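Quick mapping for you: the protein sequence lines, in order, are chains H and X. The first sequence runs -6 to 199 under the numbering used here. The second sequence runs -6 to 199 under the numbering used here. Step one of this worksheet: look at the structure below.
There are 2 protein chains.
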Amino acid sequence: MKSQFPFPTVIRLTYYLRALEFLLTQNKSETSSDELAKLTNLSPEQVRKDLAYFGSFGKRGKGYPLPKLYEKIKELIGINKEWRLCLIGLGNLGKAIVRFKGFPERKLRFYAIFENDPKKIGGEFQGIRIFDVNKLPEVARELSLDIAVFTIPDDQVDKVYELVRKTNIRGILNFTSAPLHSEKDLFVKNVSIAQELEIITFYLSK
Amino acid sequence: MKSQFPFPTVIRLTYYLRALEFLLTQNKSETSSDELAKLTNLSPEQVRKDLAYFGSFGKRGKGYPLPKLYEKIKELIGINKEWRLCLIGLGNLGKAIVRFKGFPERKLRFYAIFENDPKKIGGEFQGIRIFDVNKLPEVARELSLDIAVFTIPDDQVDKVYELVRKTNIRGILNFTSAPLHSEKDLFVKNVSIAQELEIITFYLSK
DNA sequence: ATATTTATGTGAACAAATTCACAAGGAGGT
DNA sequence: ACCTCCTTGTGAATTTGTTCACATAAATAT
């Protein structure tokens, strides 16, 4: 097992995960780099190299044992354990994300929602309590939150970011257009709908 | 002007756009690769190289003229003209996206929503008409749609993708977990919330 | 005028990631 | 037991992308 791997490999691991889930529904017990390559639109060499970064799971002449590889990738990605999430900003997008079906089956669970609207604070949404965003440091500690999802207006990002930094939350999924940067002990993933569309219009403009 | 540029440059162009918009609110008339680098968390060399791929907009010893560079980048990204969008699948996420504030100011406008729920078909949402998804080919032609946003259940992706291929829609923003692949004349950008979280949990697991 | 400072633009050096090419191990047939 | 066919795993070659280092040009100061 090599310790260093290209950054894009992490993204591809998530593709393999989906491909493996698909293959498991087909009741297969074995797969190959060729099969995974076809399902993910990658090259078989790329698949083998990626998997080899983390150990050698396959058997030459045979392929990869399906359930074992699946468990291994889940372990690598870290979705074999439960993660405690909170949502910050209960607007339209926030509501859509809390209701998102994909979370429970991935052991991702929301334990708190934060808001600055006094009318919402104290209530709950989908069974999850809504707290004052200024109480974030205390609540995060109390509920041992791991990851925060930002669905707030752009102009509040800096303030909320500072609040999160005071907690032991170590991951942020940022849906605003204001990009944040990862730092030591705080990993940030930015997802900007506007940006995604700009990338599309760039390519369509050519 | 060079014709070939690294793929990541396109993503960075969208960062420069935001930085420039921020600088414009400060009523500045000039900027520099240093300033843009600080705002985007990149290196000044990277900024200069990226901008130089598309022409030389700067003046040595001076910097870049702000409004001119802004217009140029908008033109490069293609958001100087209007784009006609449609939403496919009016669930929670779909509703959140249609209501998203960032679109009108970017000349991105929804002209149609497609659904397979007979109760929704024929109605409208936020002033946008809701059509039967099976009518997509006709409606797309009639309304000259450019881009489709997929907010449908994963198991309907393949079917809807085939419908879209029959139209002159050339861009898809896919919010499902089933990744689609770009092909000639049809550019696909995948955005999977589950995947983004998996990338976070991967790094937090280390 | 001339020197100094500042900031772009870019070839060259370097680094990262992918693809190639093939050795090596396992399965199955004869 | 041996040969053949598969398919993995991996160094080496190649491609792609970033950083360095500096020549060049504009602006400012003396």
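For glycine and all other residues, C-beta sits at the position ideal for the given N, C-alpha and C. Since this is a predicted model, take the numbers as computed values, not measurements.
Item                                                                                                                         : Value
Selection from F15(X), I70(X), G116(X) that minimises the alpha carbon distance to R5(X)                                     : I70(X)
Residue-chain proximity (Y104(X), chain H), Cβ-Cβ < 8 Å                                                                      : no
Distance CB(I106(X))-CB(L86(X)) smaller than 8 Å                                                                             : no
8 Å Cβ cutoff met for K65(H) and F50(H)                                                                                      : yes
For I81(H), the three-state DSSP class (helix, strand or coil)                                                               : strand
Straight-line gap, T2(X) to D43(X) (C-alpha atoms, nearest Å)                                                                : 6 Å
6 Å Cβ shell around K(-5)(X) - same chain, five flanking residues per side excluded                                          : Note that K(-5)(X) scores a pLDDT of 43, beneath 50, so its modelled location is shaky and nothing firm can be said.
Nonlocal neighbours in the same chain, by C-beta distance under 7 Å from A141(X), ignoring five residues either side         : C79, I81, V157, I162, I165
Residue-level contact to chain H via CB, Q19(X), 8 Å cutoff                                                                  : no
Rounded separation between K100(X) and E135(X) - CA only                                                                     : 20 Å
Helix, strand or coil at M(-6)(X) [DSSP, three-state]                                                                        : Here the model assigns M(-6)(X) a pLDDT of 42, short of 50, so the residue's position is not dependable, and the following value carries that caveat. Note: M(-6)(X) maps to coil in three-state DSSP.
Beta-carbon proximity of T160(H) to I145(H), cut-off 8 Å                                                                     : no
Straight-line gap, Q149(X) to Y104(X) (C-alpha atoms, nearest Å)                                                             : 22 Å
is_contact[L129(H), chain X] using C-beta, thresh 8 Å                                                                        : no
8 Å Cβ cutoff met for F118(X) and K88(X)                                                                                     : yes
Identified DSSP bridge partners for E176(H)                                                                                  : L179(H)
Host beta strand (DSSP E) of A171(H) (start-end)                                                                             : Per DSSP, A171(H) belongs to no beta strand (DSSP E) and is neither H nor E.
Partner residues on chain H for D139(X), Cβ-Cβ distance less than 8 Å                                                        : L197
Residue ranges of each alpha helix (DSSP H) within the region 21 to 56 of chain H, 4 or longer                               : 26 to 33, 37 to 45
Backbone CA spacing between D110(X) and V40(X) [nearest angstrom]                                                            : 48 Å
Supposed contact pair T7(X) and L16(X) - C-beta distance, whole angstroms, cut 8 Å                                           : Wrong, their Cβ atoms sit about 15 Å apart, outside the cutoff.
Check whether Y63(X) and T33(X) have beta carbons under 8 Å apart                                                            : no
Selection of the region 81 to 95 of chain X by Cβ proximity to chain H, strictly under 7 Å                                   : N85, L86, K88, A89, I90, R92, F93, G95
Close Cβ partners of N183(X) (< 7 Å) along its chain, the five nearest in sequence each way excluded                         : N167, P172, L173
Proximity test, Cβ basis, 8 Å: S36(X) and chain H                                                                            : no
Minimum Cβ-Cβ distance from M(-6)(X) to chain H less than 8 Å                                                                : With a pLDDT of only 42 at M(-6)(X), under 50, the local geometry of the prediction cannot be trusted, and the value read off the model is given with reservation. It does not; no Cβ of chain H falls within 8 Å.
Any chain H beta carbon closer than 8 Å to A133(X)                                                                           : no
In chain order, each beta strand (DSSP E) run of at least 3 residues that lies wholly inside the region 58 to 129 of chain X : 76 to 81, 101 to 108, 121 to 125
Host alpha helix (DSSP H) of G153(H) (start-end)                                                                             : Inspection of the sequence shows that residue 153(H) is occupied by Val rather than by Gly. Note, V153(H): alpha helix (DSSP H), 150 to 158.
Alpha carbon of I121(X) to alpha carbon of E189(X), nearest angstrom                                                         : 30 Å
DSSP three-state assignment for V142(H), whether helix, strand or coil                                                       : strand
C-beta atoms of V22(H) and P37(H) nearer than 8 Å                                                                            : The sequence as given places Ser at residue 22(H); Val does not occur at that position. Going by C-beta atoms, S22(H) is not nearer than 8 Å to P37(H).
Alpha-carbon spacing of N20(X) relative to F143(H), whole angstroms                                                          : 29 Å
Selection from Y57(H), G48(H), R53(H) that minimises the alpha carbon distance to L29(H)                                     : Y57(H)
Beta-carbon proximity check, E202(H) vs V126(H), cutoff 8 Å                                                                  : Because chain H in this structure spans residues -6 to 199, residue 202(H) falls outside the shown range and cannot be described.
Where S137(X) falls, given that 16 or more other Cβ within 10 Å makes a residue buried                                       : exposed
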